[in-house]
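Sequential numbering of the sequence shown, starting at 111, is according to the numbering used here. All remarks here apply to the structure that follows.
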Amino acid sequence: MSLFDLVIRSMRKNIKHYYLYFFALIFSASLYFVFASLQDAPSMQATRSSMKFSTPFQVAGILLCVIVIVFTGYANRIFLKRRSREIGLYQLIGLTRIGTARLLIIENVLLGAGAFLVGILCGSLASRLFLLILVKLLGSDVVISISFSVDAALQTALLFGGLIILTSVQTLLTVYRSTLLELFHADQQGENPRQPKAIVSAFLALLGIGLIGFGYFLSGHMLNKMMLMNMLAVLGSTILGTYLLFRVTISWLLFRYRKGKGGHLGLKNSLSLAPLMHRMKGNANSLTLITVLSAMTMTMIAIAYSFYYSAENDTRSSLPYDYIFESNRKDAEAFQAELKKANIEFTHAGIDALVLKGSIDERDNGGSDSAHTLIFFPAEQLKQTGRGIPVPTDGSAEMYDARFNLNNQLDQKTLKLPAEIRWQKGQALPLVKLTRVNERYAMNYSVLGMQFVVSERTFQELQGKIGSKSEKESIDTFQVPGKADRIRASGMYAKYVPKGAFMPDYQTEFEASFKSAGLFIFISGFLGLVFLISTGSILYFKQMTEAEQEKKSYTILRQLGFEEKEILRGIIRKQLFVFAIPLGIGLLHSAFAVKAASIMLISDITVPSVIAMAVYALIYFIFAILSIGYYRKMVRGAL
111 MSLFDLVIRS MRKNIKHYYL YFFALIFSAS LYFVFASLQD APSMQATRSS MKFSTPFQVA
171 GILLCVIVIV FTGYANRIFL KRRSREIGLY QLIGLTRIGT ARLLIIENVL LGAGAFLVGI
231 LCGSLASRLF LLILVKLLGS DVVISISFSV DAALQTALLF GGLIILTSVQ TLLTVYRSTL
291 LELFHADQQG ENPRQPKAIV SAFLALLGIG LIGFGYFLSG HMLNKMMLMN MLAVLGSTIL
351 GTYLLFRVTI SWLLFRYRKG KGGHLGLKNS LSLAPLMHRM KGNANSLTLI TVLSAMTMTM
411 IAIAYSFYYS AENDTRSSLP YDYIFESNRK DAEAFQAELK KANIEFTHAG IDALVLKGSI
471 DERDNGGSDS AHTLIFFPAE QLKQTGRGIP VPTDGSAEMY DARFNLNNQL DQKTLKLPAE
531 IRWQKGQALP LVKLTRVNER YAMNYSVLGM QFVVSERTFQ ELQGKIGSKS EKESIDTFQV
591 PGKADRIRAS GMYAKYVPKG AFMPDYQTEF EASFKSAGLF IFISGFLGLV FLISTGSILY
651 FKQMTEAEQE KKSYTILRQL GFEEKEILRG IIRKQLFVFA IPLGIGLLHS AFAVKAASIM
711 LISDITVPSV IAMAVYALIY FIFAILSIGY YRKMVRGAL
């Protein structure tokens, strides 16, 4: 029998163990090929001209490479450990170490090449579907067309060439560094669980919980001058706390539970808790990795979907009026005449404004260095345009700032309302108190200044006190109800925007925001799928290995008369620990991360975040079902 015949027989024998790994490699190759292909797709020429299209895909491609490399290296290490006895047998029957290494490397090359070819084929077939999804997410009407990209195929081949080299080096190190004794007993290595010291365990357990709590607390207070350090502190404390939670806290609880039972765990606990206690150190490492990756993935997907979900509402909150002209009645009249000529339905209203200098921060003394630009609007005029803005009482004002927390101009939690508005020195203006902060804009955010709404009477008092020095402005606002008309009107409005001036209109801003959010959710969604399949596969591979290691136990239990259903109840409890607890903790981490990131959006993102996390959890549990199915197969074959 030749070496190649031995390779084919070996692959045929192990194909039942390779199918999910092989699928994950094919999926990764397909996605990477699609990402590389979409950058050169002719259908995306219009998109590339209107937004930075290539850079996000290049960054996503790099992240995808990192994910695939880490997953492949980790999975290959698990497979080598599972096949350690087989590797030892090859050497025992006379194959040299170099011969054994050659056999495994040839097998690895064939597996990688097969995954590459099938992945390229699947990617070519699926590219049009992915392009269709992307075009729909971007809200574009371009004609779908895509051709086979040689450059994308070469990039994918380069990636898989690197993977083959990496796994081949792993194989060589395993073969040359392991003795026959280590190879034959590698699958039986476990930990000797010792009773943890009560004081040390209690301290480390509380430390783990405290670190996670500190990370959660700090995630809500990151907006300051040390934002980067705060982000690193949140990440470090959460990861270390999660590791201590798995390594110490849960381990200590398991020992306490066993002690409380007097060592008599029963069948279900013996099949679920005992194996975990014997592999706690290894499980702590992998479960921490899975938990952190799951949290990062769910956070990325939830934020991306939230951006997409709230794009229209956030744009409207920032630009309540479709078009405005500041103190430019000539252009406003010309634009109005153009709209009438084009038979575009619209509403026009003029709104007065006062631009003053002052501050509402009690730490400021109203000096020139601390004074801000404050712009005041009469509420009655805003209400006439259809805005649902209440009229404040005379002598009071309400602030409107959709980016209040993100701008970090004031700390809303510590701001004591009502607060006196402090005018700039030299201005003898009436007393006005701030009574409320609204997280939206009263006027388009392009208008310079902190926006305040007062009653018409208070507005007239302020204007009268300043007299000839009054910084009064007149803002012409336009609303166009129809989308098609807004698109036409935006083209007309662009002619009145001076070069370099910041005069955004609603329709243009919404389309740009919608396209950016669509691109973000497309990239994060597919990267999330790769994360999900990679982490789920790693957990599944580990459970396959443990199932084979515990096969003798199932044989003994079946011989003693225990039924399949009784044994499976204990196995299901174990899978619940392995899959559900990391997912639950990951969901908790993700919830706090999304809450911290929610300051970037104006709208409430609870609904899109819950939907994104629920979809992730549903797909994640498919791997738990596959794992339970593999255990069932092992139990049924125990006799």
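Cβ coordinates follow ideal geometry from the N, Cα and C atoms, glycine included. A quick note: this is a predicted structure, and the numbers were derived from the prediction, not measured.
Can you give me the C-alpha to C-alpha distance between residue i and residue j, rounded to a whole angstrom?
{"i": "Leu273", "j": "Thr401", "result": "25 Å"}
{"i": "Ser427", "j": "Ile531", "result": "25 Å"}
{"i": "Arg668", "j": "Ser737", "result": "20 Å"}
{"i": "Tyr286", "j": "Leu697", "result": "42 Å"}
{"i": "Phe733", "j": "Ser647", "result": "7 Å"}
{"i": "Tyr751", "j": "Gln168", "result": "Shown here, the chain extends from 111 to 749; a query on residue 751 therefore has no answer."}
{"i": "Phe133", "j": "Met410", "result": "24 Å"}
{"i": "Glu508", "j": "Gly610", "result": "32 Å"}
{"i": "Leu321", "j": "Ser719", "result": "25 Å"}
{"i": "Lys543", "j": "Leu527", "result": "8 Å"}
{"i": "Leu316", "j": "Met408", "result": "26 Å"}
{"i": "Ser478", "j": "Gln534", "result": "Because the pLDDT at Ser478 is just 42, under 50, the model does not fix this residue reliably, and the point stays unresolved."}
{"i": "Ile682", "j": "Leu314", "result": "29 Å"}
{"i": "Ala170", "j": "Thr284", "result": "32 Å"}
{"i": "Met744", "j": "Ala657", "result": "7 Å"}
{"i": "Leu113", "j": "Ser120", "result": "10 Å"}
{"i": "Asn186", "j": "Ala343", "result": "33 Å"}
{"i": "Tyr433", "j": "Asp714", "result": "26 Å"}
{"i": "Tyr730", "j": "Gln659", "result": "24 Å"}
{"i": "Pro166", "j": "Leu558", "result": "31 Å"}
{"i": "Ala706", "j": "Ser700", "result": "10 Å"}
{"i": "Ala748", "j": "Gln653", "result": "17 Å"}
{"i": "Arg368", "j": "Ala690", "result": "21 Å"}
{"i": "Ser237", "j": "Arg746", "result": "42 Å"}
{"i": "Pro502", "j": "Asn340", "result": "39 Å"}
{"i": "Lys467", "j": "Asp424", "result": "28 Å"}
{"i": "Ala267", "j": "Phe624", "result": "34 Å"}
{"i": "Pro500", "j": "Gln491", "result": "11 Å"}
{"i": "Asp462", "j": "Leu572", "result": "13 Å"}
{"i": "Ala722", "j": "Ser644", "result": "18 Å"}
According to DSSP, what are the bridge partners of residue i?
{"i": "Thr457", "result": "Gln589"}
{"i": "Tyr433", "result": "Phe588"}
{"i": "Leu484", "result": "Leu466 and Met560"}
{"i": "Val547", "result": "Met509"}
{"i": "Lys652", "result": "Note: Lys652 sits in no beta bridge, so no partner."}
Compute the beta-carbon to beta-carbon distance between residue i and residue j, rounded to the nearest angstrom, for a pair I have assumed lies under 8 Å.
{"i": "Glu581", "j": "Leu464", "result": "6 Å"}
{"i": "Phe588", "j": "Tyr431", "result": "7 Å"}
{"i": "Thr655", "j": "Lys191", "result": "7 Å"}
{"i": "Ala394", "j": "Phe365", "result": "The pair is not a contact, with the Cβ atoms about 14 Å apart (cut-off 8 Å)."}
{"i": "Leu141", "j": "Leu174", "result": "7 Å"}
{"i": "Gly680", "j": "Leu363", "result": "Not confirmed; about 18 Å, so no contact."}
{"i": "Leu429", "j": "Pro614", "result": "6 Å"}
{"i": "Gln494", "j": "Ala442", "result": "That pair is no contact at about 17 Å."}
{"i": "Leu649", "j": "Val688", "result": "6 Å"}
{"i": "Ile677", "j": "Leu381", "result": "7 Å"}
{"i": "Leu269", "j": "Val180", "result": "At roughly 13 Å, the Cβ-Cβ gap does not stay under 8 Å, so Leu269 and Val180 are not in contact."}
{"i": "Ala727", "j": "Ala405", "result": "Not quite, the Cβ-Cβ distance comes to about 12 Å (not below 8 Å), so this is no contact."}
{"i": "Leu629", "j": "Leu248", "result": "7 Å"}
Answer with buried or exposed for residue i, where buried requires no fewer than 16 other C-beta atoms within 10 angstroms of its C-beta.
{"i": "Ala724", "result": "exposed"}
{"i": "Leu242", "result": "exposed"}
{"i": "Thr289", "result": "exposed"}
{"i": "Asp521", "result": "Caution is warranted here: a pLDDT of 48 is assigned to Asp521, below 50, making its placement in the model unreliable, and the coordinate value is therefore given only provisionally. Under this definition Asp521 is an exposed residue."}
{"i": "Met560", "result": "buried"}
{"i": "Ser347", "result": "buried"}
{"i": "Ser329", "result": "buried"}
{"i": "Asp115", "result": "exposed"}
{"i": "Ala489", "result": "buried"}
{"i": "Ser437", "result": "exposed"}
{"i": "Ile118", "result": "exposed"}
{"i": "Arg550", "result": "buried"}
{"i": "Ile208", "result": "exposed"}
{"i": "Gly496", "result": "exposed"}
{"i": "Val176", "result": "exposed"}
Could you check whether the Cβ of residue i sits closer than 7 Å to any Cβ belonging to chain C?
{"i": "Leu667", "result": "Note that chain C does not occur in the displayed structure, where there is just one protein chain."}
Check: On the three-pair Cβ rule with 8 Å, is the region 591-598 touching the region 536-546?
Finding: Contact between the region 591-598 and the region 536-546 is not established, with fewer than three Cβ pairs separated by less than 8 Å.
Notebook entry, point to check: Counting pairs of beta carbons, one from the region 729-748 and one from the region 436-451, are three or more of them closer than 8 Å?
Noted result: No, the region 729-748 does not touch the region 436-451.
Check: Are at least three pairs of beta-carbons, each pair with one atom in the region 205-214 and one in the region 668-684, less than 8 Å apart?
Finding: In short, these stretches do not touch, since the Cβ pair count stays below three.
Notebook entry, point to check: Would you call the region 413-420 and the region 483-493 in contact, with 3 or more CB pairs under 8 Å?
Noted result: These segments do not touch.
Check: Any chance the region 633-640 sits against the region 344-362, with 3 or more Cβ pairs inside 8 Å?
Finding: Too few Cβ pairs lie closer than 8 Å, so no.
Next item on the list: Count the C-beta pairs between the region 221-241 and the region 265-284 that are closer than 8 Å, then say yes if the count reaches three, no if not.
Entry: Touching, per the Cβ criterion.
Notebook entry, point to check: Does the pairing of the region 498-514 with the region 562-569 give three or more beta-carbon distances under 8 Å?
Noted result: Below 8 Å, enough C-beta pairs join the region 498-514 and the region 562-569 to call them touching: three or more.
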